[in-house]
Amino acid sequence: MADTVVFTIEVPSLPAMYKISTDPEEKKKKQSKEKEKEDVEKAQEETEKEKMLRQKELEEQERLRLERRKRTQEDLVKDFVTILENMMNPRQALTSMMSALAGIISFAVGVVFIVQNPEHALKANELAVILIGYGVLQILLATTYFVTCVQTSIAVTKGVEDTFQIVVGVIIAGIYVIFAFVSLIIGLYGFYKTLALCSSVDYFNPTSPTYVPKTEFCTCLTVFVFHIITILLKCCCCK
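Going by our numbering, the sequence shown opens with residue 59, and the numbers climb by one from there.
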């Protein structure tokens, strides 16, 4: 009996054939997806970097702004303190005390004579009113001066961080300048009115248009001459 030879032929299954035939397409799709994913991640990273850079720029701008503001405050305080320190020297303080004393005397003499003088003694009453006004301003001026000195000391102690002290100091210094200017005008006006009466003043006749009690007239002359002297002294003491 002859031997039988059997040949076996393996036919690949359809899934295996499909897999083999579709591998290149899937690979391309996979590569495309991976590339898209990489592009998205890269774009996100760039966006995050841009945000971080932008945030750093904003922080740097804010830091520079705060530094400029601090430097501006420091410069303002330094200038303010320098000006007030010139006002706080001992000679200036002495002239302010003398002016305050002259103001008290002027006010007291003015009040006394405006009560005692007859109503028709126009020149005497006019000088008395000038003395009262000048005295009040000199007292206010001296008070403002010493308050300014105290305020300057507080501003120097607390430094530039206390903005309130700086603002208050500037306001007080402005008030001081206003009082000084008005006092200067009244003092010069009183000096002029006193000199105008020197040749015609009448000390004895109360009915005379130019009647002024001798004590009142001498007080006016002394106070307003002293006023001119203190102006010169204050100008010299501020240098």
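Built from N, CA and C at the ideal position, the CB exists for glycine as well.
Residue burial annotation: residue 270 is buried, with at least 16 other C-beta atoms found within 10 angstroms of its C-beta.
In this structure, residue 185 sits near residue 278, with a CB-CB distance shorter than 8 Å. Uninterrupted alpha helix (DSSP H) stretches at least 4 residues long and entirely within the region 166-213 do not occur. Nearest to residue 206 by alpha-carbon distance, out of 187, 188, 93 and 230, is 230. Within the model, the alpha-carbon separation for residue 150 versus residue 203 is close to 10 Å. In the displayed model, residue 261 falls within coil according to three-state DSSP, outside both helix and strand.
Taking a 10 Å sphere around the C-beta of residue 93, we find fewer than 16 other C-beta atoms and assign the residue as exposed.
Excluding its 5 nearest sequence neighbours in each direction, residue 193 has C-beta neighbours in its own chain below 7 Å: 161, 162, 164, 165 and 168, listed in chain order. Exclusion of the five residues before and after residue 175 leaves 182 and 183 as the residues of its chain whose Cβ lies within less than 6 Å of its Cβ. Spatial neighbours of residue 288 in its own chain (CB-CB distance under 8 Å, excluding positions within 5 residues in sequence) are listed in chain order as 153, 156, 157 and 160. For residue 187 and residue 233, the gap between their C-alpha atoms comes out near 23 Å.
Burial state of residue 282 is buried, judged by a 10 Å Cβ sphere holding 16 or more other Cβ atoms. Checking the DSSP bridge columns, you'll see residue 269 partnered with 260. Cβ neighbours of residue 179 within its own chain (closer than 7 Å, five residues either side excluded): 264 and 269. Classified as exposed, residue 99 has fewer than 16 neighbouring CB atoms from the shown chains inside 10 Å of its CB. One thing to note: residue 286 has its Cβ no nearer than 8 Å to the Cβ of residue 237. If you compare the alpha carbons of 276, 226, 118 and 239 with that of residue 256, the shortest gap goes to 276. In the assembly as shown, residue 254 is an exposed residue. Its beta-carbon has fewer than 16 other beta-carbons within 10 Å. Under a 10 Å Cβ-count criterion, residue 262 is classified as exposed, with fewer than 16 other Cβ atoms of the shown protein chains found around its own Cβ.
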